[in-house]
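Enquirer: Pasting a structure below so you can have a look.
In full-length UniProt numbering, the protein residues as written are 1 to 257.
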């Protein structure tokens, strides 16, 4: 057998095609859901378009950013991650899958939070994040993925890959993780869900109301789009200060005695 023929047999072309199809499917369905929610939010879309001067160009730039991020970066990086880190589905049990999904989601939340705070803390980084925050008074679902290429790769995509070498998910676990993040990211950028999310969403998950507040005030509520890292950090901080207060009181009591 020739070297070329041997390479063709050994190289996993079928797996590559399968993963490419999966990544493209995720991108397509995310964009379709964006359009559905956008249609549902037409009143807010109209408010964006009616903004003097910047409205129409801003909205056009948002659509272009969505298309580039989903169909240039999103599915191609998914393809690379799936080839490098995913196990065969036959090797994965249901409990493995649950652990993989929860781990990927939590690690993604942590590293998104860190990246997001870095974008807001450093002027050099903020220039890559400024475009997303041009949607401040009026936030539409299309804004969810209307981010610069740098932000999309650093804050949206790379946090997924950090946990993958350790949990070695199958592609179903990866697709479900990406799907959950994609849907929740769109939900927290859909103002019509704000009241419902505030009413029913537990504090440890990010609500639409939380994220819309971030868009308005900028310097608060950095967590998105699933686990509310702000909540967990506040909880740890309050426990820490409570313990310090208790220790201080105990010390004062001992001195008096």
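Glycine included, every Cβ here is placed at the ideal spot set by N, Cα and C. Treat the numbers as computed from the prediction; the structure is a model and nothing was measured.
If you reduce the DSSP assignment to three classes, tell me which class residue 117 lands in.
Expert: The sequence position of residue 117 within the chain shown is 117, counting from 1. Note: residue 117 maps to helix in three-state DSSP.
Enquirer: Which value, in whole angstroms, describes the spacing of the CA atoms of residue 132 and residue 119?
Expert: Reading the chain shown from its first residue, position 132 is the one you call residue 132. Reading the chain shown from its first residue, position 119 is the one you call residue 119. About 11 Å.
Enquirer: For residue 237 and residue 106, what's the separation of their Cα atoms in angstroms?
Expert: The sequence position of residue 237 within the chain shown is 237, counting from 1. The sequence position of residue 106 within the chain shown is 106, counting from 1. Whole-angstrom Cα-Cα distance: 19 Å.
Enquirer: Please return the same chain residues whose Cβ sits closer than 7 Å to the Cβ of residue 154, not counting the five positions on each side in sequence.
Expert: As a position in the chain shown, residue 154 is number 154, starting the count at 1. Cβ within range, chain order: 115.
Enquirer: Buried or exposed: which applies to residue 234, given that a residue is buried once 16 or more other Cβ atoms fall within 10 Å of its Cβ?
Expert: Start at 1 with the first residue of the chain shown, and residue 234 comes out as number 234. Under this definition residue 234 is an exposed residue.
Enquirer: Note down the Cα distance separating residue 66 from residue 103, rounded to an integer number of angstroms.
Expert: By 1-based counting over the chain shown, the position of residue 66 is 66. By 1-based counting over the chain shown, the position of residue 103 is 103. Near 27 Å, if we compare the C-alpha coordinates of residue 103 and residue 66.
Enquirer: With H, G and I counted as helix, E and B as strand and the rest as coil, what does DSSP make of residue 88?
Expert: Residue mapping note: residue 88 aligns to position 88 of the chain shown, counting from 1. In the structure shown, residue 88 sits in coil (DSSP, three-state: anything other than H, G, I, E or B).
Enquirer: When DSSP labels each residue in this structure, what does residue 227 get in the three-state scheme?
Expert: Mapped onto the chain shown, residue 227 falls at position 227. If DSSP states are grouped into helix, strand and coil, residue 227 belongs with the strands.
Enquirer: Taking the alpha helix (DSSP H) that residue 213 falls in, what are its first and last residues?
Expert: The sequence position of residue 213 within the chain shown is 213, counting from 1. Segment 208 to 217, the alpha helix (DSSP H) holding residue 213.
Enquirer: Skipping 5 residues on each side, what residues in its chain have a beta carbon closer than 8 Å to that of residue 19?
Expert: Looking up residue 19 in the chain shown gives position 19. 78, 79, 82, 83, 86, 171.
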